[in-house]
Amino acid sequence: MKKLSILVGTIVALVITSCGGSLFGDDLISKEGIDKAKEILTKDPFGDKEFNWVELKTKEALNSKFDEVATSYYDPAVQKDVKQTYNSTSKLGDPEVDQTASIRANAGLNKDKERFKVSEIPFDKLLSEAQDGLKFFSGLEETAEYEDFNINEISMKKENGKLKTVFKIDMTKKGESSYRRGRERITNYYEVRIFRGENGEWDLVTD
């Protein structure tokens with residue numbers, strides 16, 4: 324496995340917050356969460372699309388509740404790559420031109436782009452893969468000082484003819500606690516992305 328490099332982030336939240344819940348109501352890493360993702364992606368407007376990437380997300384780091392499906396796909400109607408989401412704020416968002424994809428296309432960097440259909444997503448394996456990834460990462464000697472391991476994003480794209488699934492894991496450091504600043508609660512968190520390589524072993528995303 325590549326040398327462990329953990330990114331640092333900060334959660335800032337109001338101490339007094341509303342009681343609004345997740346749109347889907349289930350943990351992302353649960354059968355119900357994965358089933359909901361499949362339900363959304365197999366219906367219009369996503370069901371017949373060819374995707375550049377798909378992301379299943381919680382609302383934020385240190386949050387386990389499934390909150391958003393984000394996609395980038397080729398829209399033959401406009402002959403461009405577009406991004407479209409389904410989330411707790413807007414439900415089905417309007418499609419928008421994927422500016423990053425457009426820049427890459429104009430630079431001639433998309434000649435070998437690989438797209439995939441929803442039928443290629445291994446929904447039946449995502450839950451067990453996520454659970455196995457969490458077990459692996461939380462059991463490393465290098466992560467012994469961390470706790471509260473949580474997956475806040477599952478991303479998928481096609482590389483070299485195969486679908487690559489990346490799990491974004493966040494965690495807190497033992498002994499560190501949240502603190503208040505006025506009406507805000509501040510929490511530090513730490514983050515990595517892992518995937519299972521062709522040899523079946525877990526590895527880190529470093530780019």
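Taking the numbering used here, I'd label the letters of the sequence shown as residues 324 to 530. Cβ atoms here follow ideal geometry from the backbone N, Cα and C, with glycine treated the same way.
message = Going by DSSP, what residue range makes up the beta strand (DSSP E) through Ser461?
response = From DSSP, Ser461 is part of no beta strand (DSSP E) but of the alpha helix (DSSP H) over 446-461.
query = Since Ser478 sits in a beta bridge, which residues does DSSP pair it with?
reply = Glu378, Val489
inquiry  = Am I right that Glu470 and Lys497 are in contact with their C-beta atoms under 8 Å? What's the rounded C-beta distance?
reply    = Contact flag correct, Cβ pair sits at about 5 Å.
key: Candidates Leu527, Thr495, Asn375, Asn473: closest to Ser353 by CA position   = Asn473
Environment of Thr381 [buried if 16+ CB atoms lie within 10 Å] = The residue is buried, with at least 16 neighbouring Cβ atoms inside 10 Å.
request  = Grab the span of the alpha helix (DSSP H) containing Ile357 for me, first residue to last.
outcome  = 354-364
query = Expressed to the nearest angstrom, what Euclidean distance is found between the alpha-carbon atoms of Phe518 and Asp526?
reply = 6 Å
inquiry  = Beta-carbon within less than 6 Å of Leu311's beta-carbon, same chain only, minus the 5 sequence neighbours each way: which residues are those?
reply    = The structure shown has nothing for residue 311, since the chain only spans 324 to 530.
ask   = In whole angstroms, what is the alpha-carbon distance linking Tyr502 and Asn386?
value = Separation of Tyr502 and Asn386 (C-alpha to C-alpha, rounded to the nearest whole angstrom) is 18 Å.
Bridge-paired residues (DSSP) for Arg519 = Trp525
For Val405, the residue or residues it bridges with in DSSP = Tyr396, Val420
ask   = Any idea what DSSP makes of Glu373, helix, strand or coil?
value = It is a strand residue.
task = Output the distance between the C-alpha atoms of Ala336 and Thr495, rounded to the nearest integer angstrom.
result = For Ala336, the pLDDT reaches just 44, beneath the cut-off of 50, and the residue's location in the model is therefore unreliable, although a value from the coordinates is still provided. Inter-residue distance for Ala336 and Thr495 is about 16 Å (C-alpha atoms, whole angstroms).
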